[in-house]
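Residues 1330 to 1525 in my numbering are what the sequence shown lists, from first letter to last.
Don't be surprised by glycine CBs; every beta carbon is placed ideally from N, CA and C.
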Amino acid sequence: MEIVFATGNNGKLKEVREIFSDLDVKINSLNDFKENIDVIEDGKSFEENALKKAEEVQHLLKLPVISDDSGLEVEQLNRAPGIYSARYSGEDATYEKNNQKLIEELKKFQQPHLAKFVCAAAFSDGINRLVVRGEFKGQIISEARGKNGFGYDPLFLPEGLDKTSAEISSELKNKISHRAKAFNKLKEMLIENKLI
Ligand code: ITT
1330 MEIVFATGNN GKLKEVREIF SDLDVKINSL NDFKENIDVI EDGKSFEENA
1380 LKKAEEVQHL LKLPVISDDS GLEVEQLNRA PGIYSARYSG EDATYEKNNQ
1430 KLIEELKKFQ QPHLAKFVCA AAFSDGINRL VVRGEFKGQI ISEARGKNGF
1480 GYDPLFLPEG LDKTSAEISS ELKNKISHRA KAFNKLKEML IENKLI
């Protein structure tokens, strides 16, 4: 069976492919299609945005679609950058610039900078729609550490660990992360409902 993962983010793709690797499903991402697909993420929550990505891409490609809307919520920043995590440092944002901005914004606060990653994972096949959430708690440190993962991983110290989520193995991240929790839940629901 073929499923489209409505993402252009290869870091997410690698993690989600791994989660579905025990099933007989082929997961393509938007990078595998010639269509120029750009879903405007104007929802007010991770769930709204994830469902919007899944439904719009399903409508265009007429294939079952899964999607992910995720981000980082920092307590002292009133849960910013939240749904704006990808573009935190502006239109020309990069992971590097976003991380720099986060470090700067947190300089005026005392440690620990408690935070969590949130992931909403959604599914649409044109008839059925599902959305679930996973969370990953930790804190933000003031200097980047590690080369694995993507995005804010070098600044994120998961609760109970002394390595950042860019220093732990991809296998471990994919057991404990927000994305792992959300997509494992979604996978179970898809199997239970015989949708995959
Ligand atoms: P798609 O919309 O194409 O899926 P995106 O990167 O724009 O890709 P989002 O809108 O969901 O994805 O933004 C998520 C951002 O949150 C992402 O770019 C990272 O900066 C951050 N993020 C999410 N999950 C993360 C993770 O596991 N590790 C580090 N940073 C993460």
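Cβ-based neighbour list, A1511, same chain, cut-off 7 Å, excluding 5 preceding and 5 following
Taking the first residue of the sequence shown as 1, we reach residue 1511 at position 182. The residues are C1448, A1449, A1450, V1461, R1462 and G1463.
* If you draw a straight line from the C-alpha of K1445 to the C-alpha of I1432, how long is it? -> For the purposes of this step, residue 1445 is identified with residue 116 of the sequence shown, where counting begins at 1. For the purposes of this step, residue 1432 is identified with residue 103 of the sequence shown, where counting begins at 1. Distance between the alpha carbons of K1445 and I1432 is about 16 Å.
Point to revise | Chain-ordered residues, beta carbon under 5 Å from a heavy atom of ligand 1 | key: T1336, G1337, N1338, D1398, S1399, G1400, S1414, A1415, G1480, Y1481 and D1482
Are the CB atoms of D1397 and R1508 nearer to each other than 9 Å?
Counting from one through the sequence shown, the residue named residue 1397 turns up at place 68. Counting from one through the sequence shown, the residue named residue 1508 turns up at place 179. Cβ atoms of D1397 and R1508: closer than 9 Å.
* To do: Taking K1343 as part of the alpha helix (DSSP H), name the residues at either end of that continuous run.
  => What you label residue 1343 is simply residue 14 of the sequence shown in a count that begins at 1. First-last of the alpha helix (DSSP H) with K1343: N1339 to I1348.
Query raised in the report: By Cβ distance, which residues of its chain are closer than 8 Å to E1364, with the 5 residues on each side in sequence left out?
Result: The sequence position of residue 1364 within the sequence shown is 35, counting from 1. Result list for E1364: L1389 and L1390, in chain order.
| Q1440, buried or exposed, once every other Cβ within 10 Å from all chains shown has been counted against 16 | Start at 1 with the first residue of the sequence shown, and residue 1440 comes out as number 111. Flag for Q1440 reads exposed.
| Is S1350 buried or exposed, if buried means 16 or more other CB atoms sit within 10 Å of its CB? | As a position in the sequence shown, residue 1350 is number 21, starting the count at 1. It is exposed - the Cβ of S1350 has fewer than 16 other Cβ atoms within 10 Å.
Query raised in the report: Along the chain, where does the beta strand (DSSP E) that runs through F1446 open and close?
Result: Here residue 1446 refers to the residue found at position 117 when the sequence shown is read from its first residue. Per DSSP, F1446 belongs to the beta strand (DSSP E) from H1442 to S1453.
Report task. Indicate the three-state DSSP secondary structure (helix, strand or coil) for K1514 in the structure shown. Result -> Against the sequence shown, residue 1514 aligns to sequence position 185. Helix.
Item to complete: Taking K1322 as the reference, give the member of N1428, L1352, S1453 and D1482 with the closest Cα.
Response: Limits of the chain in this structure are 1330 at one end and 1525 at the other, which puts residue 1322 out of reach.
Run through DSSP, which three-state label would G1411 get?
The residue labelled residue 1411 in the question sits at position 82 within the sequence shown. Correct three-state label for G1411: helix.
Figure out for me which residue from I1520, M1518, A1415 and D1491 has the closest Cα to the Cα of F1479.
-> In the sequence shown, residue 1479 corresponds to position 150, counting from 1. Closest option to F1479, Cα to Cα, is A1415.
Could you tell me the alpha carbon to alpha carbon distance between I1520 and R1346, rounded to whole angstroms? Residue numbering aside, residue 1520 sits at position 191 when the sequence shown is read from its first letter. Residue numbering aside, residue 1346 sits at position 17 when the sequence shown is read from its first letter. Straight-line Cα distance between these residues: approximately 16 Å.
For the putative contact between F1375 and G1400, defined by C-beta atoms under 8 Å, what is the C-beta separation to the nearest angstrom?
What you label residue 1375 is simply residue 46 of the sequence shown in a count that begins at 1. What you label residue 1400 is simply residue 71 of the sequence shown in a count that begins at 1. With 8 Å as the limit, F1375 and G1400 qualify as a contact, their Cβ atoms being about 7 Å apart.
Item to check | K1355 - DSSP class collapsed to helix/strand/coil | outcome: Here the question's residue 1355 lines up with position 26 in the sequence shown. In the structure shown, K1355 sits in a strand (DSSP, three-state: E or B).
Q) Which residues share a DSSP beta bridge with K1466? A) The count along the sequence shown starts at 1 and reaches residue 1466 at position 137. In DSSP, K1466 forms a bridge with K1445.
Burial state of E1500, where buried means 16 or more other Cβ atoms lie within 10 Å
Here residue 1500 is taken as the residue at index 171 of the sequence shown, counted from 1. With fewer than 16 Cβ atoms within 10 Å of its Cβ, E1500 is classed as exposed.
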